[in-house]
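This report refers to the structure that appears directly beneath it.
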Amino acid sequence: MTDVVSISVPAAPGWTGVVELVLAGLGARLDLPYDRIDELQLATTAVLEDAVGPDVRVDASARADSVDIRVGPLGAAAADPARRRVLDALADRVAVEPGEEGDTWAVLTFARGGAR
Amino acid sequence: MNGRVVLEVPAKPEYLLLARLAVTSVGRSAGASEETIADLKLAVTEAVANAVKHAYPPDIPGRVTVELTASAGRLEIAVSDQGRGLADGDEPTASEVPAESGMGLSIIRAIADEIDVGAGPDGRGTRVRFACGF
Amino acid sequence: MPSDAQRALLVAYLENGDVRARDRLVEELMPLVRSLANRYAGRGEPTEDLVQVGAIGLVKAIDRFELEKGVELSTYAVPTIVGEIRRHFRDRTWGVHVPRRLKELSMRLSRMRDELSAELGRSPTVAELAEAVGVDEEEAIDALEASKAYAPRSLDQPYDDDEPARVPGLADEERGYAALERGSVVRQGLDALEERERRIVVLRFLRGMSQSEIAAEVGISQMHVSRLLRKSLETMRGRLEETEVTA
Numbered sequence: 001m002t003d004v005v006s007i008s009v010p011a012a013p014g015w016t017g018v019v020e021l022v023l024a025g026l027g028a029r030l031d032l033p034y035d036r037i038d039e040l041q042l043a044t045t046a047v048l049e050d051a052v053g054p055d056v057r058v059d060a061s062a063r064a065d066s067v068d069i070r071v072g073p074l075g076a077a078a079a080d081p082a083r084r085r086v087l088d089a090l091a092d093r094v095a096v097e098p099g100e101e102g103d104t105w106a107v108l109t110f111a112r113g114g115a116r
Numbered sequence: 117m118n119g120r121v122v123l124e125v126p127a128k129p130e131y132l133l134l135a136r137l138a139v140t141s142v143g144r145s146a147g148a149s150e151e152t153i154a155d156l157k158l159a160v161t162e163a164v165a166n167a168v169k170h171a172y173p174p175d176i177p178g179r180v181t182v183e184l185t186a187s188a189g190r191l192e193i194a195v196s197d198q199g200r201g202l203a204d205g206d207e208p209t210a211s212e213v214p215a216e217s218g219m220g221l222s223i224i225r226a227i228a229d230e231i232d233v234g235a236g237p238d239g240r241g242t243r244v245r246f247a248c249g250f
Numbered sequence: 251m252p253s254d255a256q257r258a259l260l261v262a263y264l265e266n267g268d269v270r271a272r273d274r275l276v277e278e279l280m281p282l283v284r285s286l287a288n289r290y291a292g293r294g295e296p297t298e299d300l301v302q303v304g305a306i307g308l309v310k311a312i313d314r315f316e317l318e319k320g321v322e323l324s325t326y327a328v329p330t331i332v333g334e335i336r337r338h339f340r341d342r343t344w345g346v347h348v349p350r351r352l353k354e355l356s357m358r359l360s361r362m363r364d365e366l367s368a369e370l371g372r373s374p375t376v377a378e379l380a381e382a383v384g385v386d387e388e389e390a391i392d393a394l395e396a397s398k399a400y401a402p403r404s405l406d407q408p409y410d411d412d413e414p415a416r417v418p419g420l421a422d423e424e425r426g427y428a429a430l431e432r433g434s435v436v437r438q439g440l441d442a443l444e445e446r447e448r449r450i451v452v453l454r455f456l457r458g459m460s461q462s463e464i465a466a467e468v469g470i471s472q473m474h475v476s477r478l479l480r481k482s483l484e485t486m487r488g489r490l491e492e493t494e495v496t497a
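Protein chains in written order, with the working numbering: chain A, 1 to 116; chain B, 117 to 250; chain C, 251 to 497.
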């Protein structure tokens, strides 16, 4: 069964820290190597910058082989190719998809492997 | 910094760590002392552990929601679940060591400036809300 | 309401000063004290110390107990027991300036991270790091986060002040960098970086090396690699945004 952890924070710069810390906790529970946790945090923080507010939500789903991080709602800038390129370098897969209310969400996928 | 963080996790003991980390982060941003943060972590541990142990039947995947609201000199935390509500007698009983949930609430009461316990947001489940000023 | 037996002991002590009755009461409620002490375990204070401190709280609660109030003794005692334990921490542990404690732990973790990577052939997990250093996972995560100097945290200083300022170059990655199209966005982003940052970024993203591999190859700590990468990505993102605006 897939466990999902969700965290919602105000879409303002000072709140990425709590998302990072919670992701570190999740990464610890999933036995991810620490450098993988670091990059998962980096990529998520990068996507958070495109949030339109007032709040932004991060849903982390842990599957057997991968971790999916879904972030939104985001502005149109999230789909910009230049931004995608930076994210592509960090995550194994990046998808930008429309949400239920016509907004934009990004889904980052990180393969697990490594420690286990 | 004022604001509200909502963390939602599966009602499993391994996710308690995430609730504690959230308290640490929000507490520090709000300028709470390490002592207050430690107290709030203990209180949140009690509240989340209660939900993990008692809210849902063993094979039902339930979730626990932890809301943290920071305002000037105050941090409020509400832990809620969507499961069975507090049964009668979950308050400390006439035994040497109170029932786990009863002791948990006693500890929160000992720590927090305010506490209220009731049904969850839509009338189902349980919501334990407590706050510390600093 | 206290049970009859407990009531009898309480009366014997509170009204007749029978200390043995009090000792029996303490003995009966020690499981409560242990249970509360265990909730504070693993924070840098031995659990046995906490149990002793908690027992003092229990004695105080018994001393102050009022039979007529109709409250259960165990319920009544919880705040006092917890209060004594908290005061113990305040006097012993929380007195140490937290940023300094976190900084020391974070430096130990950084060294351990590199040692373990060499042993394991990959970056260690939080569990492996915490066990190696002898702290619990939560503390390890806190300290690891604190050392990321490029995000707003409670601590601001970078730690590896004695790290080499120059990152040794490698021929391969020079070629990789040169192979990027001059006008490409990535190349423009890389151009905005300082030399050592650029080398790390190229190793990571063009050669696909992991942070632990880069650290081992280049001879700097993983923490340093991590910080350089974070800083580089911020710089690159800033540059890409500028480029978009002027385009």
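Beta carbons: idealized from backbone N, C-alpha and C, even for Gly.
Please name the residue in C:A305, C:M486, C:K398 whose C-alpha comes closest to that of S471 of chain C.
Along the third sequence, read from residue 1 onward, the residue named residue 471 of chain C stands at position 221. Nearest option by C-alpha distance: C:K398.
At 7 Å on the CB atoms, spell out the chain C contacts of R93 of chain A, in chain order.
In the first sequence, the residue the question calls residue 93 of chain A occupies position 93. None at all; the shortest Cβ gap to chain C is about 15 Å.
For E378 of chain C, count neighbouring C-beta atoms within 10 Å of its own C-beta (all shown protein chains included) and say buried if the count is 16 or more, exposed if not.
Here the question's residue 378 of chain C lines up with position 128 in the third sequence. By the neighbour-count rule (16 or more Cβ atoms within 10 Å), E378 of chain C is buried.
Within the same chain, show all residues whose beta-carbon is closer than 7 Å to that of G234 of chain B, passing over the 5 residues directly before and after it, in chain order.
Within the second sequence, residue 234 of chain B is the residue found at index 118, counting from 1. Result list for G234 of chain B: R243, in chain order.
Name the residue from C:A258, C:E298, C:A442, C:G469 whose alpha carbon lies nearest to the alpha carbon of A271 of chain C.
Along the third sequence, read from residue 1 onward, the residue named residue 271 of chain C stands at position 21. Among C:A258, C:E298, C:A442, C:G469, the Cα nearest to that of A271 of chain C belongs to C:A258.
In this structure, does DSSP put S222 of chain B in helix, strand or coil?
Here residue 222 of chain B refers to the residue found at position 106 when the second sequence is read from its first residue. Three-state result, S222 of chain B: helix.
Consider the Cβ of D31 of chain A: report whether some Cβ of chain C lies at a distance smaller than 9 Å.
The residue labelled residue 31 of chain A in the question sits at position 31 within the first sequence. True, the Cβ-Cβ gap to chain C drops below 9 Å.
Taking 9 Å as the CB-CB cut-off, is R179 of chain B touching chain C?
On the second sequence, residue 179 of chain B is found 63 positions in, with the first residue counted as 1. Taking Cβ atoms only, chain C never reaches closer than 9 Å to R179 of chain B, which makes this a no.
Do R179 of chain B and E124 of chain B have their CB atoms nearer than 9 Å?
The sequence position of residue 179 of chain B within the second sequence is 63, counting from 1. The sequence position of residue 124 of chain B within the second sequence is 8, counting from 1. Yes, the Cβ-Cβ distance between R179 of chain B and E124 of chain B is below 9 Å.
Using only the alpha-carbon positions, how far apart do M219 of chain B and S373 of chain C sit?
Here residue 219 of chain B refers to the residue found at position 103 of the second sequence. Here residue 373 of chain C refers to the residue found at position 123 of the third sequence. Approximately 41 Å between the Cα atoms of the pair.
Which one of C:G320, C:I331, C:L443 has the shortest CA to CA distance from G304 of chain C?
As a position in the third sequence, residue 304 of chain C is number 54, starting the count at 1. Nearest C-alpha to G304 of chain C: C:I331.
Alpha carbon to alpha carbon, how far is R85 of chain A from L352 of chain C? Give it in angstroms, no decimals.
The sequence position of residue 352 of chain C within the third sequence is 102, counting from 1. The sequence position of residue 85 of chain A within the first sequence is 85, counting from 1. In a straight line, the C-alpha of L352 of chain C is about 35 Å away from that of R85 of chain A.
Quick check: what's the CA-CA separation for A146 of chain B versus A77 of chain A?
Within the second sequence, numbered from 1, the residue matching residue 146 of chain B stands at position 30. Within the first sequence, numbered from 1, the residue matching residue 77 of chain A stands at position 77. Rounded to whole angstroms, A146 of chain B to A77 of chain A spans 31 Å at the Cα level.
Ignore the nearest five residues each way along the sequence and tell me which others in V5 of chain A's own chain have a CB closer than 6 Å to its CB.
As a working mapping, residue 5 of chain A is identified with position 5 in the first sequence. Taken in chain order, the residues that qualify are L26, A60.
Whole-Å CB distance - L18 of chain A paired with A226 of chain B, under 8 Å assumed:
By one-based count along the first sequence, residue 18 of chain A stands at place 18. By one-based count along the second sequence, residue 226 of chain B stands at place 110. In the sequence under discussion, the amino acid at residue 18 of chain A is Val, which differs from the Leu named in the question. With 8 Å as the limit, V18 of chain A and A226 of chain B do not qualify as a contact, their Cβ atoms being about 26 Å apart.
Alpha helix (DSSP H) containing S149 of chain B: first to last residue?
If you number the second sequence from 1, residue 149 of chain B lands on position 33. It is not in any alpha helix (DSSP H) - S149 of chain B carries neither H nor E in the DSSP assignment.
With a threshold of 16 other CB atoms inside 10 Å of the CB of P414 of chain C, please say whether the residue is buried or exposed.
Counting from 1 along the third sequence, the entry for residue 414 of chain C is found at position 164. Per-residue confidence for P414 of chain C stands at a pLDDT of 44, beneath the threshold of 50, marking its modelled position as unreliable; the derived number appears in the next sentence. Exposed is the call here.
So with Cβ pairs under 9 Å, would you call D68 of chain A a contact of chain C?
In the first sequence, counting from the first residue as 1, residue 68 of chain A sits at position 68. Chain C, which has no Cβ nearer than 9 Å to the Cβ of D68 of chain A, makes this no.
If we count the other Cβ atoms within 10 Å of its Cβ and call it buried at 16 or more, is V254 of chain C buried or exposed?
Residue numbering aside, residue 254 of chain C sits at position 4 when the third sequence is read from its first letter. According to the sequence as given, residue 254 of chain C is Asp; it is not Val. Classification of D254 of chain C: exposed, given that the 10 Å Cβ count is below 16.
For chain B, find out if any of its Cβ atoms is closer than 9 Å to the Cβ of S285 of chain C; answer yes or no.
By one-based count along the third sequence, residue 285 of chain C stands at place 35. Yes, S285 of chain C counts as interfacial toward chain B.
Just to confirm before moving on: does the CB-CB distance between R112 of chain A and D65 of chain A stay below 9 Å?
Indexing the first sequence from 1 puts residue 112 of chain A at position 112. Indexing the first sequence from 1 puts residue 65 of chain A at position 65. Yes, Cβ-Cβ distance for R112 of chain A and D65 of chain A is below 9 Å.
Can you grab the Cα-Cα spacing for the pair F339 of chain C / E295 of chain C, in whole Å?
Counting from one through the third sequence, the residue named residue 339 of chain C turns up at place 89. Counting from one through the third sequence, the residue named residue 295 of chain C turns up at place 45. Spanning the two alpha carbons is a distance of roughly 8 Å.
Of the residues that make up the region 80-113 of chain A, which ones have a beta carbon closer than 7 Å to any beta carbon in chain C?
A82, R85, V86, A89
Nearest chain A C-beta to G147 of chain B closer than 9 Å, yes or no?
Walking along the second sequence from the start, residue 147 of chain B turns up at place 31. It does not: the Cβ of G147 of chain B has no partner Cβ on chain A nearer than 9 Å.
At the 9 Å Cβ level, is M486 of chain C part of the contact set with chain A, yes or no?
Position 236 of the third sequence holds residue 486 of chain C. Yes, M486 of chain C lies at the interface with chain A (some Cβ there is under 9 Å from its Cβ).
So, with DSSP's three-state summary, where would you put G25 of chain A?
Looking up residue 25 of chain A in the first sequence gives position 25. The answer is helix: DSSP assigns G25 of chain A an H, G or I state.
Where does the unbroken beta strand (DSSP E) through D50 of chain A begin, and where does it stop?
Taking the first sequence and counting its residues from 1, the one referred to as residue 50 of chain A is at position 50. Premise fails: D50 of chain A is in no beta strand (DSSP E) and is neither H nor E.
Restricting to Cα atoms, I'd like to know which of C:S462, C:E484, C:P329 is closest to G371 of chain C.
Your numbering for residue 371 of chain C matches position 121 in the third sequence. With distances taken between Cα atoms, G371 of chain C lies closest to C:S462.
Mapping the DSSP letters down to three states, classify A186 of chain B as helix, strand or coil.
Taking the first residue of the second sequence as 1, we reach residue 186 of chain B at position 70. Note: A186 of chain B maps to strand in three-state DSSP.
Contact the region 126-140 of chain B vs the region 159-171 of chain B: 3+ CB pairs below 8 Å:
yes
Determine the DSSP secondary structure at R63 of chain A, reduced to helix, strand or coil.
Counting from one through the first sequence, the residue named residue 63 of chain A turns up at place 63. In the structure shown, R63 of chain A sits in coil (DSSP, three-state: anything other than H, G, I, E or B).
Alpha carbon to alpha carbon, what distance is there between L23 of chain A and A11 of chain A?
The residue you call residue 11 of chain A lines up with position 11 of the first sequence. The residue you call residue 23 of chain A lines up with position 23 of the first sequence. In a straight line, the C-alpha of A11 of chain A is about 17 Å away from that of L23 of chain A.
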